[in-house]
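Heads up, the thing below is written out as structure tokens.
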Amino acid sequence: MTTAYDLSKVGTGEYSIEPSNLLTYIDEDGTPKDFYATVGNIPKVKLSGNLPAPPVHEKRANFNGCSADQQTQLNAAATNAQSYAKSTYTYISGISNGTTRYATWFGAYRTGRKNTVRNHFELINSNDFASFTYDCTCTDMPDVFAYVCAYIFQPPDCYLAIDK
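Residue numbers 60 to 223, in the working numbering, belong to the letters of the sequence shown in order.
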């Protein structure tokens, strides 16, 4: 997962850019486990002069085999998913102990678990669901509604099983 930073809005100066060193893996028993990688030398970046604003591009979802009605529904779903991801990340970031809402979705409150949930929603929130590719051509997978093929440097493709 990569994240882009728009440094044109911060102005001139010297900045340290640090990668996140928190990683999560799934243990043999299926439990998510966190571990921290060792981070080497952190380079400093110096910005100066007139920094141009990045170009503004309208992001649009791509569709494969989706009807006009499906495209309308998927665009609305992408907008709603973006809103849910942002509000959940904001909520999780703002709590410091268990709440009924947290326990309902994620179980008993523990700081490590809360941090894992927050980190996952930070990653989910960093996506632009309006730039994904939605594929409606899958009809031969019973009991599967959707699956995602994620790539490191581009938005994922979302394959939707459509009942025809």
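Using N, Cα and C, we set each Cβ at its ideal position, and we do this for glycine too. It should be emphasised that the depicted structure is a prediction, and the values quoted were computed from it without experimental measurement.
For A120 against S185, the beta-carbon gap comes to about 17 Å, at or over 8 Å, which does not count as contact. Residue state for N186 is assigned as coil, using DSSP reduced to three classes. Membership of F122 in the beta strand (DSSP E) is indicated by the continuous run N121 to N123.
Judged by DSSP secondary structure, Y193 falls outside any alpha helix (DSSP H) and instead within the beta strand (DSSP E) spanning T192 to C197. S142 and E87 have their C-alpha atoms roughly 34 Å apart.
Each residue's CA atom was taken as its position, placing S146 and T138 some 12 Å apart.
A buried status is given to D194, since no fewer than 16 other beta-carbon atoms sit within 10 Å of its beta-carbon.
Sequence-distant partners of Y161 (beyond 5 residues in either direction) whose C-beta falls short of 7 Å from its own C-beta, in its chain, are I154 and Y168. By the Cβ-count criterion, I85 is exposed, with fewer than 16 other Cβ atoms from all chains shown falling within 10 Å of its own Cβ.
For I85, the three-state secondary structure derived from DSSP is strand.
The C-beta distance from D93 to T175 rounds to 6 Å, short enough to fall under 8 Å. Between F188 and A127, the C-beta spacing is not below 8 Å.
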